Amino acid sequence: MDMRKRRDAQLAYISDESVFEEQVACRRILQKLNFMDRADFDGIAEVVKELLGKSDNAFINPPFYCDYGKNIETGKNFFANYNCTILDVAKVRIGDNCQFAPNVAIYTAGHPVHPDTRNTLYEYGKEVTVGDNVWLGGNTVVCPGVHIGNNVVIGAGSVVTRDIPDWSVAAGNPCRVIRKITEEDRRKLFRNEEIDEEAWEDILSRIQDEK
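Just so you know, we're using our numbering here: the sequence shown kicks off at 4 and counts up by one.
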């Protein structure tokens with residue numbers, strides 16, 4: 004089995020010349036994305052679509068970094084803020100209406116723990132999935148093999164090493180569930196502050212329009 008097939012099967016593999024060749028096209032698109040006019044929103048959206056292969060209203064604020072691009076699958080209305088890094092050695096599946104704050108990193112790539120084994124240049128990639136309606140706070144790191152459920156908020160600075168269940172607020176290093184998201188959170192803005200009446204009426208109207 005060649006190294007690309009081993010990589011795609013989530014087995015131990017070495018980044019040989021054939022693997023690096025696959026990264027060339029991605030790096031050229033990233034070069035275009037990361038150095039284009041930051042005020043050209045339509046242009047950025049088009050380059051993002053070129054990078055990911057397909058997207059439905061996805062937008063990424065450059066700079067952005069990844070290995071392949073083609074291994075990143077995003078749902079509707081994906082948004083990643085500045086300086087996002089996704090090492091997509093394995094598949095990264097992201098659901099609908101997900102938001103990434105600045106400096107979010109998703110790592111599917113890893114290396115053996117023992118130095119003798121690691122120094123042979125063998126490495127691995129393990130898939131990461133992010134459900135629908137997920138907000139990852141700034142400087143969050145998601146490690147290989149993690150599954151984040153639907154309707155989840157991950158606090159800033161978290162290191163997610165294990166799966167996070169649906170409808171959770173989680174934070175910390177390592178990231179742990181703090182509490183469940185409930186109906187009482189519906190009108191919350193910041194901590195115990197509620198959304199003002201004018202904005203709340205508009206929110207209710209927008210929610211109704213989406214149904």
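We put the beta carbon where it would ideally sit given N, CA and C, even for glycine. Source: prediction; values computed, not measured.
Check: Residue 156 in three-state terms, based on DSSP; Outcome: strand
Check: Spatial distance of residue 167 from residue 179 (CA atoms); Outcome: 8 angstroms
Check: Of the residues 66, 87 and 97, the one placed nearest residue 58, counting alpha carbons only; Outcome: 97
Check: Chain-order list of residues whose beta-carbon lies under 8 angstroms from that of residue 13 (same chain, five-residue window excluded); Outcome: 93, 127, 128, 129 and 130
Check: Cβ distance (whole Å) where residue 134 is taken to contact residue 159 below 8 angstroms; Outcome: Contact flag wrong, Cβ pair sits at about 19 angstroms.
Check: Those residues which DSSP pairs with residue 138 across a bridge; Outcome: 102 and 156
Check: Three-state secondary structure (DSSP) of residue 10; Outcome: helix
Check: Alpha carbon of residue 109 to alpha carbon of residue 170, nearest angstrom; Outcome: 20 angstroms
Check: Straight-line gap, residue 100 to residue 117 (C-alpha atoms, nearest Å); Outcome: 39 angstroms
Check: Residues that residue 171 bridges to, as DSSP identifies them; Outcome: 183
Check: Delimiting residues of the alpha helix (DSSP H) encompassing residue 23; Outcome: 20-37
Check: Rounded separation between residue 41 and residue 35 - CA only; Outcome: 11 angstroms
Check: Top-ranked residue by Cα proximity to residue 23, from 6, 33 and 39; Outcome: 6
Check: Collapsed DSSP secondary structure at residue 165 in the structure displayed; Outcome: coil
Check: Delimiting residues of the beta strand (DSSP E) encompassing residue 126; Outcome: 125-128
Check: Alpha-carbon to alpha-carbon, residue 47 and residue 39; Outcome: 8 angstroms
Check: Bridge partners - residue 150, DSSP secondary structure assignment; Outcome: 132
Check: Identified DSSP bridge partners for residue 96; Outcome: 76 and 132
Check: Beta-carbon gap between residue 151 and residue 163 smaller than 8 angstroms; Outcome: yes
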